[in-house]
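**Student:** Read in order, the letters of the sequence shown correspond to residues 25 to 371 in this note's numbering.
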Amino acid sequence: MRCLIVGSGLAAIAMAEHLRTHDVAVDLISVKKKGASIVAAGILNPTVLKRYTAAWKSSLFIDYALPFYRTLEDVLQQKLFEPLPIHRVFNTPAEANDWMVAADHPSLAPFLEAKIQASTTSPFFAPNGYGRLLGVGRLNIQMLINGYTRFLGNQYTEAYFDHSKLNLSTAQPKYNGVSYDHLFFCEGYQLKNNPWFGDLPLTGTKGEMLLIRSEQLPKNAIWKGPIFIAPVDAQHFWVGASFNWTQKNDQPTQKDRIWLEKKLNQMVRVPYQIVGHMAGVRPTVIDRRPLLGTHPKHHQLHVFNGLGTRGGLMAPLLAKWLYQFVFEEKSLPQEVSISRFAQLPSS
Ligand SMILES: Cc1cc2nc3c(=O)[nH]c(=O)nc-3n(C[C@H](O)[C@H](O)[C@H](O)COP(=O)(O)OP(=O)(O)OC[C@H]3O[C@@H](n4cnc5c(N)ncnc54)[C@H](O)[C@@H]3O)c2cc1C
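1. Would you say Thr333 touches ligand 1, meaning its beta carbon is less than 7 Å from a heavy atom?
2. Is the segment 85-95 close to the segment 334-351, with three or more CB pairs under 8 Å?
3. Along the chain, which unbroken stretches of the beta strand (DSSP E) at least 3 residues long are found entirely within the segment 42-130?
4. So is the beta-carbon of Phe148 under 7 Å away from any non-hydrogen atom of ligand 1?
5. At 3 residues or longer, what runs of the beta strand (DSSP E) sit wholly inside the segment 194-236?
6. Identify, in the order they occur along the chain, each residue of the same chain with its Cβ nearer than 6 Å to the Cβ of Trp247, setting aside the five sequence neighbours on each side.
7. At a threshold of 7 Å, does Gly304 count as lining ligand 1 (C-beta to nearest heavy atom)?
8. Going by other Cβ atoms of all chains shown within 10 Å of its Cβ, with 16 needed for buried, is Phe267 buried or exposed?
9. Report yes if the C-beta distance between Tyr213 and Gly201 is below 8 Å; otherwise report no.
10. Under 7 Å from any heavy atom of ligand 1, does the C-beta of Pro250 make it?
11. Check whether the Cβ of Met167 lies closer than 7 Å to any heavy atom of ligand 1, and answer yes or no.
12. Looking at Ile165: is its Cβ nearer than 8 Å to the Cβ of Leu73?
13. Please tell me whether Phe135 and Pro70 are closer than 8 Å, where the distance is taken between their beta carbons.
14. Check whether the Cβ atoms of Leu235 and Gly171 lie closer than 8 Å to each other.
15. For Gly300, which residues in the same chain have their Cβ closer than 6 Å to its Cβ, ignoring the five residues on either side in sequence?
16. Which of helix, strand or coil does DSSP assign to Asn268?
17. With a CB to CB cut of under 6 Å and the five nearest residues on each side skipped, what residues in its chain are close to Trp220?
18. Nearest by alpha-carbon distance to Arg162: which of Ala36, Ala65, Ile169 is it?
19. In the DSSP assignment, the beta strand (DSSP E) including Gly317 goes from what residue to what residue?
20. Is the closest heavy atom of ligand 1 to the C-beta of Tyr184 under 7 Å?
Spelled out as structure tokens, the structure:
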């Protein structure tokens, strides 16, 4: 059995790994310097820190994701996931009270520490204190993508997949002279250009981030105020992100840079230099749920998309669901199946 995966972001890698561990030969084709995964912070956060609620099916996703990435660390012989608490800064004393109430809730209790931390000497402004979110951390997505594509060797091709060159007239689809049993489209927001799945209601939400350098910021936690600040390495920090629902491109803008700097200055009181500024489009869906499934006419073509703002958390378990749907005749949860939307065109 041989499969082709289009993409090299979080969806593609999770899919490739599920296929590979079931003895399926996998080829991957992608333009890997594009997409949402390469600009993402990689924070695996099962909660919604604005409202103190659990994200959709969050404990199911995190319980599967953490061991999945640990296994990938063994495969790639690289440290990919760093357990780090998230420090949620309170804007008001009322927010601190809400935190204590939420920490009692069974779905949040494993993550929200039922304690308010006072912060007087920290390099972060936190006059109302902060709460610690535990059992979370940061996945180094850049390292994962580079490590995994290297691991695939010549099964990885750095190139644009030209949909018009896929030959569907033979029993097995053929691309570049190679026959495949199945193709998995893990194209992120570029799914819009896909002739078979491009009509799915992917809305896309652009996000911009800054990379900063600072010698005085601590590396032992991710901080969350109006934006996230996450340590990347000894001196670099990921800062973001903005949300833009109208622009659908990966060009960083001056407007969002100014906005991010303003939010950053509200959070930190130590010097820093901006050394990077990038943008990507999150593959968000009209109903905020993933898009998994098979084309109604071309049964060898599958879609894995709609990871939205939480690809790191959700991709591993979603890949398992899609694998079981395609190869083990298990049905997909209706919330993630593309069958919840109007029929796809049959051509
Ligand atoms: C600023 C920002 C911050 C984020 N922070 C986080 C975070 O902290 N935690 C988290 O879990 N999520 C975060 N996200 C969301 C996360 O990035 C996405 O959920 C996830 O990366 C989507 O992965 P994907 O593989 O579906 O798509 P992508 O990462 O977009 O990957 C698609 C890949 O397919 C390639 N491709 C598409 N079409 C073709 C083609 N025809 N030929 C060749 N290649 C093709 C693209 O070039 C790209 O490499 C963030 C997103 C943004 C923008």
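Backbone N, C-alpha and C define an ideal beta-carbon position, used for all residues, glycine too.
Keep in mind it's a predicted model, so treat the numbers as computed, not measured.
**Tutor:** In this structure, then:
1. Placement of the Cβ of Thr333 at a distance of less than 7 Å from at least one heavy atom of ligand 1 is found.
2. Taking 8 Å as the limit for Cβ pairs, the verdict is that the segment 334-351 does touch the segment 85-95.
3. Listed in chain order, the beta strand (DSSP E) runs fully inside the segment 42-130 are 49-54, 105-107, 110-113, counting runs of at least 3 residues.
4. Not under cutoff, so the answer is no.
5. Along the length of the segment 194-236, whole beta strand (DSSP E) runs at least 3 residues long occupy 206-209, reported in chain order.
6. For Trp247, same chain residues with a beta-carbon under 6 Å away, outside a window of 5 residues either side, are His111, Phe148, Ile253 in chain order.
7. True, at least one ligand heavy atom lies under 7 Å from that Cβ.
8. Classification for Phe267: exposed.
9. Cβ atoms of Tyr213 and Gly201: not closer than 8 Å.
10. No, ligand 1 has no heavy atom inside 7 Å of this Cβ.
11. Using a cutoff of 7 Å, the CB of Met167 does not count as near ligand 1, since none of the ligand's heavy atoms is closer than that.
12. Contact flag unset, no.
13. Result yes, Cβ atoms of Phe135 and Pro70 sit closer than 8 Å.
14. No, Cβ-Cβ distance for Leu235 and Gly171 is not below 8 Å.
15. Correct list, in chain order: Leu235.
16. In this structure, Asn268 counts as strand in the three-state DSSP scheme.
17. Exclusion of the five residues before and after Trp220 leaves His319, Leu325 as the residues of its chain whose Cβ lies within less than 6 Å of its Cβ.
18. If we check each option's Cα against that of Arg162, Ala65 comes out closest.
19. Where Gly317 is concerned, the enclosing beta strand (DSSP E) stretches over 315-318.
20. Short note on Tyr184: C-beta closer than 7 Å to some heavy atom of ligand 1.
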